[in-house]
Amino acid sequence: MTLKPRLHVISEQDYPRIHEATVKILGETGVVFHSEEALAVFRKHGAKVMNKTVYLDRTRIEQALETCPRTFSWMARNEKHAVVVGEECLIQPNAGPVYIQDLDRGRRLALLEDYCNIQKLCQASDVVNLAGHIPVNPSDVNQQEKHLRIMHAMIKHADKPLIGHTVYRKQAQEMLDMMEIAIGKKGCLQDKHYLGVVVNPLSPLAYSEDALETMLVYAENKQPIVIAPAIMAGVSGPISLLGTVVQQNAEILAGIVLVQLINPGNPVVYSTASTTAFMKRASYCAGTPEAMLINIPNLQMGQDFYHLPVRTMCGITEAKTIDSQSGFETMQSVMMGMLGGAHILVQCLGVLDALMTTSYEKFIIDEEIIRRVKCVAGGIDNSDNALAVDVIQEIGPTGTYLTHQSTYEHFRERWAPTISNWEPYDNWAKAGGEEIVIAANRKLKEILHHAPPSLIDAALDQELMRYIHQLIEE
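Residue numbers (the numbering used here): 1413 to 1886.
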């Protein structure tokens, strides 16, 4: 048996209080939905709709929660990479950075080449379970074509479960069509979950048109939807941390109701991405420990009260470069997110500068941070055999365990670093005194050098490109 620690911020007695506060807000204040199509869904099912505001009663909320699956399989083109969401902690790429940064060229606007490189790093990583999304936003691609080029890149360079991004209805359907082409089976999306998507409400208490169109299309195609409010306490949410917990819960549940009305049983992930504002400037704050004091109560609600898969933002930092600040701020929230029981972690693979930048070198360093935290979260073996009484008695006083058979059988199970240097100072100095950033730079170059130019054959690549060119020429 392995011990599994969980970090709790609120008690079980707080769960019904937060739920009741949420029901009151959704029933009396409501949520604005900026989509006539979404409003029509609510009207069809008898919800109260006034202008663009939808009011949800207790029964409707709880019926929607009852149809949500506790776990679901997220498939991949390579079946060995398929995962079950809701059972273990999975790692996904970042979402939203505009800049890319490395030792060789510094900080600059990201290009499609950088997007492809991050997908290759995700594919090669033993800690990254999901690929795709927007780890960097390529600046050299026409806006009308960007979703197509990004989708092609993620299919070409990763065969793990994939994540799309928020667009409008036509674009969302085109990305799903490309996924179906890649799987090679017409109608496969109606049978299995291959392409998930992350949507953010328009806090406070609203959903934008593009987010809603994305949700509608993905639900119609029975694909997973991750609903992730990104509230700033004190700006787009209450200054009270618990108040932001309540608002975050309300926005997630409103989205869940819509998804379940479209397709009862559709996989949803209860996701948290909120933080406090930096009140000196009323701006986004990525380095605060209070972000996880908001998000962990929602993780508790999602898992323990609603019995849903949960995801959280963690790993974010205000640091502008790879320094001690970037290390302790990232470790702080990754540790809290994993110990908080999240089933998916995001924003923990190279993020710098409050989500504005992805660093190649920090991606490599953050992989080790994740490995360290997973080791802690795994606890220890507490079986009778692990007590090692027979071994202790056999060795007795003043003996050594180094040459004992039990050590020989299990020493490879001990955690070891992948990028940190544990050599004595003299050995480290004689080897050139290499700092961790330089070691990470060297390692990422080795990974990219050995990454295959494509994971799809020429015929599939041509089919995808024909589809893209057909859409561009329309």
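Every residue, glycine too, gets a C-beta built ideally from N, C-alpha and C. Owing to the predicted nature of the structure, the values given are computational and were not obtained by experimental measurement.
- Taking 8 Å as the cut-off, the beta carbon of L1601 is found closer than this to the beta carbon of L1588.
- Looking at the DSSP output, E1500 shares a beta bridge with V1497.
- Three or more beta-carbon pairs separated by less than 8 Å are not found between the region 1514-1526 and the region 1783-1803, which leaves the two stretches without contact.
- No Cβ-Cβ contact shorter than 8 Å links A1543 with K1568.
- With distances taken between CA atoms, A1536 lies nearest to P1505 out of V1510, I1512, P1550 and P1505.
- Burial is judged here by how many other beta carbons sit within 10 angstroms of a residue's own beta carbon; L1814 has fewer than 16 and is exposed.
- Put simply, the backbone Cα of P1829 is about 7 Å away from that of E1780.
- For a cut-off of 8 Å, the C-beta gap from I1473 to L1665 is around 6 Å, short enough to register as a contact.
- By the Cβ-count criterion, K1558 is buried, with 16 or more other Cβ atoms from all chains shown falling within 10 Å of its own Cβ.
- Secondary structure in the region 1572-1615: the beta strand (DSSP E) runs of 3 residues or longer, each lying completely within the stretch, are 1574-1576 and 1607-1611 in chain order.
- In the three-state reduction of the DSSP assignment, M1691 falls in the coil class, being assigned neither a helical nor a strand state.
- Taking the CA atoms as reference points, S1485 sits about 7 Å from A1494.
- Residues I1512 and V1548 of the same chain have their beta carbon placed closer than 6 Å to that of D1526, with the five preceding and five following residues left out of the count.
- Sequence-distant Cβ neighbours of T1656 in its own chain, meaning closer than 7 Å and more than five residues away, are I1643, A1645, G1649, P1650, S1686 and I1706.
- Looking only at E1886, V1658, V1609 and Q1660, the smallest Cα-Cα distance to Q1635 is reached by V1609.
- As the crow flies, the alpha-carbon of Q1585 is around 7 Å from that of V1629.
- Taking the C-beta atoms as reference points, Y1682 is found no nearer than 8 Å to P1709.
- Excluding sequence positions up to five before and after K1774, its CB lies within less than 6 Å of the CB of I1734 and G1762, all in the same chain and listed in chain order.
- By the C-beta criterion, the region 1606-1620 is judged not to be in contact with the region 1423-1431, since fewer than 3 inter-stretch pairs fall below 8 Å.
- In the structure shown, the three-state DSSP call for G1727 is coil.
- Per DSSP, D1716 is not a residue of any beta strand (DSSP E), being assigned neither H nor E.
- A distance below 7 Å between beta-carbons, with the five flanking residues on each side excluded, links H1816 to the following residues of its chain, in chain order: V1803 and I1807.
- Burial state of R1489 is buried, judged by a 10 Å Cβ sphere holding 16 or more other Cβ atoms.
- In this structure, DSSP gives S1736 a helical state, which the three-state scheme calls helix.
- Listed in chain order, the non-local C-beta contacts of I1595 below 7 Å within the same chain comprise R1489 and Y1606, local neighbours out to five positions each way being set aside.
- Sixteen is the threshold: since fewer than 16 other Cβ atoms of the shown chains lie within 10 Å of the Cβ of H1881, the residue is exposed.
- Comparing C-alpha distances from I1422 to each of A1789, F1717, N1794 and G1845 shows the shortest one belongs to F1717.
- Assignment of beta-bridge partners to M1462 by DSSP yields T1465.
- A check of alpha carbon separations from E1632 across K1604, T1483, Q1659 and Q1475 identifies K1604 as the nearest.
- If the five residues before and after A1450 are omitted, its C-beta is found closer than 7 Å to the C-beta atoms of L1624, L1628 and L1670, all from its own chain and listed in chain order.
- Judged by their CB atoms, I1831 and A1851 are nearer to each other than the 8 Å cut-off.
- In the three-state reduction of the DSSP assignment, V1629 falls in the helix class, which pools H, G and I.
- Closest by C-alpha distance to V1466, out of P1550, E1478, V1497 and A1618, is A1618.
- Note on R1723: 16 or more other CB atoms within 10 angstroms of its CB, so buried under the neighbour-count rule.
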